[in-house]
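In this note's numbering, the protein residues as written are 1459 to 1882.
Accompanying notes for the structure given below.
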Amino acid sequence: MLTAISGINWGDEGKGRMVDLLSADYNVVVRYQGGNNAGHTVINERGKFILNLLPSGILRENVVNVMGNGMVVDIKHLSEEMARLKAAGIKITPDNLKISDRAVICMPYHVMQDCLEENRLSDKKFGSTRRGIAPVYGDKYLKKAIRMGELKDMAALKERLKGIVEWKNLTLVNVYGAQPVSTEDMMEHLRVYGEPLIPFICDTGLYLNEADKAGEKIMFEAQLGALRDIDFGIYPYTSSSNAIAAYAPIGAGIPNRKLDLSIGIMKAYSTCVGEGPFTAEYFGDKAESLRKAGGEYGAATGRPRRVGPFDVVASKYGIRMQGADEIALTKLDVLSYADEIEVCVAYEKDGERVTEFPFPQNLESYKPVMNTFKGWKCDISKCRKKEDLPKEALDYIQFLENAVGAKIKYVSVGAEREAYIVMY
1459 MLTAISGINW GDEGKGRMVD LLSADYNVVV RYQGGNNAGH TVINERGKFI
1509 LNLLPSGILR ENVVNVMGNG MVVDIKHLSE EMARLKAAGI KITPDNLKIS
1559 DRAVICMPYH VMQDCLEENR LSDKKFGSTR RGIAPVYGDK YLKKAIRMGE
1609 LKDMAALKER LKGIVEWKNL TLVNVYGAQP VSTEDMMEHL RVYGEPLIPF
1659 ICDTGLYLNE ADKAGEKIMF EAQLGALRDI DFGIYPYTSS SNAIAAYAPI
1709 GAGIPNRKLD LSIGIMKAYS TCVGEGPFTA EYFGDKAESL RKAGGEYGAA
1759 TGRPRRVGPF DVVASKYGIR MQGADEIALT KLDVLSYADE IEVCVAYEKD
1809 GERVTEFPFP QNLESYKPVM NTFKGWKCDI SKCRKKEDLP KEALDYIQFL
1859 ENAVGAKIKY VSVGAEREAY IVMY
């Protein structure tokens, strides 16, 4: 059984919370793309955890966690993240964490380059998290990257690194006017943070292939959402990898396997971290009320998230891109503060209404078309059955289901692991 959990919108939909919940029924959880440029916040009986690189299944003792070949790994960040979790009593051993030997290492010079480029772009910046993600993915496709498996032969790695550092300094020094990096400093970084990870590094594709053959249930965890996908998102304001569910077997190391189930995660309203078009965005007091109610600040960056009403146009598109068989709707409880709840049901430009998501470069010229629904104005965080929800909340869920053309199976009514409703 191969299941993908992926975001329908701009990311920050609550995927980590749903992976943590649903992973109780799975043997393996796999991160298949991205790096430490986004965070998954999980709250359970052991505390509150923010995970940037580790799969969310790491919080369950009997789940094996895999970091796939499609990821880019900042080994310093990973070492620190593992140390924090171990200090909180979370078990992390080579038995329950496996890192692909083909995953690419995000080096300090990638972070440097990312920051230098964002500074150069100034007010035209892409909204990078300045974690080195775009430069390292760029180097991967230029065949100038270092992979995790190379840590097992430091002598051979040093010889290859010399040429890469010489090449990278051409950009750092001659384009940006920065100080050059040295091979020795980079090797020291790899030794200090890379060598302790060697016991975790393996052929994860082989492991997953055998696990699937043995009938184990495997869950794939995406970072960000469909609208941040490098091919299908709001390019160029995207991540630098494929966040869509169809990429999961490839980024995990088992391209010979096919998904059995795709679960899409979407919020009961819209949020967006970073730059780029966001048609239904709220501003001013309306935005601040929703942001405060939802605690909308980035898990990786701490940046205030841009917020707005649920966007039917963007969500329909995201569901199509993710091939979502069923939907988990998160943070419905946040809307309990509102007398009225708006939904963006279409976009409009020059008097013409559209209901299909436009080409990204045209999005800035569209305006949202809103419908308004009556709020329920009561605490729903203790609801555990569909029948517990007020009529207005049920009406809202039913409208969203009909509007996006997908069944909503799970509804989250709080941050805690048990605060959810199975709708059917």
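The C-beta atom is built at its ideal place from N, Cα and C for all residues, glycine as well.
| Asked | Found |
| --- | --- |
| Collapsed DSSP secondary structure at Met-1457 in the structure displayed | The chain is shown only over 1459 to 1882; residue 1457 falls outside these bounds and no answer can be derived. |
| Tyr-1665 vs Lys-1534 beta-carbon contact at 7 Å | no |
| Segments assigned beta strand (DSSP E), at least 3 residues, entirely inside the region 1817–1865 | 1825–1832 |
| Contact check, Ala-1462 vs Ser-1720, beta carbons under 7 Å | yes |
| Asn-1502: first and last residue of the uninterrupted beta strand (DSSP E) it sits in | 1498–1502 |
| Touching by the beta-carbon criterion (3+ pairs, under 8 Å), the region 1561–1577 and the region 1675–1690 | no |
| Integer Cβ distance of Ala-1959 from Met-1476, believed to fall under 8 Å | Given that the chain is displayed from residue 1459 to residue 1882, the structure contains no residue 1959 and the question cannot be resolved. |
| Option nearest Ala-1706 by Cα separation, candidates Met-1525, Asn-1467 and Glu-1519 | Met-1525 |
| Ala-1786 - containing beta strand (DSSP E), residue span | 1784–1788 |
| Same chain, Cβ closer than 6 Å to Lys-1626, five either side skipped, listed in chain order | Tyr-1567 |
| Cβ shell of Gly-1438 (< 7 Å), same chain only, five flanking positions each side left out | Outside the modelled stretch of the chain, which goes from 1459 to 1882, sits residue 1438, for which no answer is possible. |
| C-alpha distance - Gly-1547 paired with Ser-1537, whole-angstrom precision | 16 Å |
| Option nearest Glu-1850 by Cα separation, candidates Ser-1870, Arg-1811, Asp-1797 and Cys-1802 | Asp-1797 |
| Tyr-1868, DSSP secondary structure in three states | strand |
| Reduced DSSP category for Ala-1703 - H, G, I as helix; E, B as strand; rest coil | helix |
| Three-state secondary structure assigned by DSSP to Thr-1729 | strand |
| DSSP three-state assignment for Met-1724, whether helix, strand or coil | strand |
| First through last residue of the beta strand (DSSP E) which encompasses Ser-1747 | Not the beta strand (DSSP E): Ser-1747 falls in the alpha helix (DSSP H), residues 1742–1752. |
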